[in-house]
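**Q**
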Amino acid sequence: MSEDYWPRFEVTEGDKEIPTIGYLDWYVPRLEENRPYNLSLSGMQYDWDIEELMKDTVYDIANHHIGALDDPRINVSKREGVGVENVVICHGATQALHVSVCAAMAMSNKKTNNITVESPCYAPIVQSPQLFNHPTRKVTRIPADDGPWRIDKVEWLAAIKDSAILMVTPILNPCGWDYHPDDRNWIVQTCKDHEVIIIADEVYIDSKREHSTYSPFHTLGEHCISVNSLTKIYSLGTLRYGWLISSKDISEQARRAFFTLSGMMGSPTLRVADSIFPNLDLAINKMNEFRNKNLPLLREMLNKMNIPWNEPPYGLFGAFKLPLEIDAMEFVDNECKQFGVLAVPGIMFSEKLSSWLRVSWSIEPKLFSDSLINLEKALLLAIIKKTSQ
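The numbering used here numbers the first residue of the sequence shown as 448 and each following residue consecutively.
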């Protein structure tokens, strides 16, 4: 097993090569196998009828947008209730993270260029700052049997004091849980006290727009940046349309960084996004439908297998620990493959999650039901093998 499969927080001194994104090195070849029961998907599976939404304007898709469309920031500002000047549009959430790092460093009053990143995480979140030669520090969220995964405030405080930026993923991959309110409030206040800018990757936060605890980081302080996109909740990853929301001063720096990196957004992307924005709730409604139909089946299967399940009350995915310390990567590459199932080992997000498995319920209910039947078969076979050793 290669260490490259989980996010790289430390780069060997003298190693000038850019670290691989081990998750994708592992995941893409398995996607290419086209296993029929795919529980690995990290985003909502919703089929947009772009031609119906755009009507005759679809024929203008390659024409320049200037003069034909309103400022694209308006769609985000209206939906999020912020000023247009607080929004920067980018080519997806990953670029928005890059731009946010540039802007935060430009605005930082700290003498250090250290960046603290929480773990578990998706590898580009921690490895992107390394492209700018920023040292990264790790802080952890601790697995919980019930409710949100929690933080060790002593660990986090030591790292925050020694950093200019804190990068977090509030709805955590792979467990699907947002912060406990006490932890979130502590993080925001502690970073404010120590002049640390928070960059929050919030690509899953729209799954809880209807929850009382819905609280994007940009609403929590002038030192907070929220990053989002049309990819995960809205099933438009191919569009590469993301944004960040922050204070006017930070957003101005981010706008300059974006112009330096990309110049302008592509006209086809802006035209399609403009037609989608008034209809985004269609995807959220479908997401809720899938949750209501699919999650009872997952609960039943895990209960039958006597596998503890800490179910997040929102989102598209969750994670559970395999019984008998079964190695999740070996399980996916052997028993799951035998029954045509694809899921994601927790080790893709942290080396400490080798027995954890992430599953997604963001697919059509009949396919999800069939997938669970085959996942149960794979689990039974793995347990038999383990107990016979």
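Cβ atoms here follow ideal geometry from the backbone N, Cα and C, with glycine treated the same way. A quick note: this is a predicted structure, and the numbers were derived from the prediction, not measured.
From I589 to P595, what does the alpha carbon distance come to, in whole angstroms?
**A** On the sequence shown, residue 589 is found 142 positions in, with the first residue counted as 1. On the sequence shown, residue 595 is found 148 positions in, with the first residue counted as 1. So the two alpha carbons sit approximately 9 Å from each other.
**Q** Report the three-state DSSP secondary structure of G787 (helix, strand or coil).
**A** By one-based count along the sequence shown, residue 787 stands at place 340. If DSSP states are grouped into helix, strand and coil, G787 belongs with coil.
**Q** Since C671 and A647 should fall inside the 8 Å C-beta cutoff, what is the C-beta to C-beta distance between them, to a whole number of angstroms?
**A** Within the sequence shown, numbered from 1, the residue matching residue 671 stands at position 224. Within the sequence shown, numbered from 1, the residue matching residue 647 stands at position 200. Rounded, the Cβ-Cβ distance is 7 Å, consistent with contact.
**Q** F786: which of K824, I680, L500 sits nearest, CA to CA?
**A** Here the question's residue 786 lines up with position 339 in the sequence shown. Measuring from the Cα of F786, the nearest candidate turns out to be K824.
**Q** Give, in chain order, every unbroken run of the beta strand (DSSP E) that is at least 3 residues long and sits entirely within the segment 572-597.
**A** Complete beta strand (DSSP E) runs here, min 3: 583-589.
**Q** Sort Q836, L822, E777, I607 by Cα distance to W473 and report the nearest one.
**A** As a working mapping, residue 473 is identified with position 26 in the sequence shown. Of the candidates Q836, L822, E777, I607, the one whose C-alpha sits nearest the C-alpha of W473 is E777.
**Q** If you run the structure through DSSP and keep just helix, strand and coil, what is D599?
**A** Looking up residue 599 in the sequence shown gives position 152. Correct three-state label for D599: coil.
**Q** On the DSSP bridge assignment, give the partners of L691 in chain order.
**A** In the sequence shown, residue 691 corresponds to position 244, counting from 1. V535, V674, per the DSSP bridge assignment.
**Q** Can you tell me whether N757 is helix, strand or coil according to DSSP?
**A** Start at 1 with the first residue of the sequence shown, and residue 757 comes out as number 310. In this structure, N757 counts as coil in the three-state DSSP scheme.
**Q** Y484 by DSSP, collapsed to three states: which one?
**A** Locating residue 484 in the sequence shown gives position 37, counting from the first residue. Residue state, collapsed to three classes: strand.
**Q** Tell me whether M448 is buried or exposed, calling it buried when 16 or more other Cβ atoms sit within 10 Å of its Cβ.
**A** On the sequence shown, position 1 is the one that residue 448 refers to. Low per-residue confidence applies at M448: pLDDT is 40, beneath 50, and the placement is therefore not dependable enough to give any value.
**Q** Assuming L516 and L686 make a contact with CB atoms under 8 Å, what is their CB distance in whole Å?
**A** Along the sequence shown, read from residue 1 onward, the residue named residue 516 stands at position 69. Along the sequence shown, read from residue 1 onward, the residue named residue 686 stands at position 239. Wrong, their Cβ atoms sit about 15 Å apart, outside the cutoff.
**Q** Does the segment 712-730 come into contact with the segment 676-690, if we say contact requires no fewer than three beta-carbon pairs (one atom in each stretch) closer than 8 Å?
**A** With the cut-off at 8 Å, the segment 712-730 and the segment 676-690 touch.
**Q** In angstroms, rounded to a whole number, what distance separates the CA positions of L677 and D494?
**A** What you label residue 677 is simply residue 230 of the sequence shown in a count that begins at 1. What you label residue 494 is simply residue 47 of the sequence shown in a count that begins at 1. Distance between the alpha carbons of L677 and D494: 13 Å.
**Q** How is A611 classed by DSSP in three states: helix, strand or coil?
**A** Here residue 611 refers to the residue found at position 164 of the sequence shown. Coil.
**Q** Measure the C-alpha to C-alpha separation of M795 and V779 and round it to an integer number of angstroms.
**A** Your numbering for residue 795 matches position 348 in the sequence shown. Your numbering for residue 779 matches position 332 in the sequence shown. Their Cα atoms are separated by approximately 12 Å.
**Q** Between E669, D496, A704, which lies nearest to K695 when the distance is taken from Cα to Cα?
**A** For the purposes of this step, residue 695 is identified with residue 248 of the sequence shown, where counting begins at 1. The option with the nearest alpha carbon to K695 is E669.
**Q** Suppose you measure from the CA of I562 to the CA of A611; what does that come to, to the nearest Å?
**A** Numbered from its first residue, the sequence shown carries residue 562 at position 115. Numbered from its first residue, the sequence shown carries residue 611 at position 164. Their Cα atoms are separated by approximately 6 Å.
**Q** I'd like the span of the alpha helix (DSSP H) that includes T637, first residue to last.
**A** The sequence position of residue 637 within the sequence shown is 190, counting from 1. Taken as a continuous stretch (DSSP letters only), the alpha helix (DSSP H) holding T637 covers 628-640.
**Q** Does T559 come out as helix, strand or coil in the three-state DSSP assignment?
**A** Here residue 559 refers to the residue found at position 112 of the sequence shown. Note: T559 maps to coil in three-state DSSP.
**Q** Over what stretch of residues does the alpha helix (DSSP H) that includes I831 continue unbroken?
**A** The residue labelled residue 831 in the question sits at position 384 within the sequence shown. Looking at the DSSP string, the run of the alpha helix (DSSP H) that includes I831 is 812-834.
**Q** In the DSSP assignment, what are the bridge partners of D842?
**A** With the chain covering 448 to 836 only, the question about residue 842 has no answer from this structure.
**Q** Quick check: D630 and T660, are their CB atoms within less than 8 Å of each other?
**A** Here residue 630 refers to the residue found at position 183 when the sequence shown is read from its first residue. Here residue 660 refers to the residue found at position 213 when the sequence shown is read from its first residue. Cβ atoms of D630 and T660: not closer than 8 Å.
**Q** Given this structure, state the Cα-to-Cα distance separating E699 from F705, to the nearest angstrom.
**A** In the sequence shown, counting from the first residue as 1, residue 699 sits at position 252. In the sequence shown, counting from the first residue as 1, residue 705 sits at position 258. Using only the alpha carbons, I get a separation of about 10 Å.
**Q** With 16 other CB atoms within 10 Å as the buried threshold, where does R746 fall?
**A** Here residue 746 refers to the residue found at position 299 when the sequence shown is read from its first residue. Exposed.
**Q** Can you give the Cα-Cα distance for R455 and I723, rounded to whole angstroms?
**A** Here residue 455 refers to the residue found at position 8 of the sequence shown. Here residue 723 refers to the residue found at position 276 of the sequence shown. C-alpha separation (whole angstroms): 36 Å.
**Q** According to DSSP, is L619 part of a helix, a strand, or is it coil?
**A** For the purposes of this step, residue 619 is taken as the residue at position 172 of the sequence shown. Here L619 sits in coil by DSSP.
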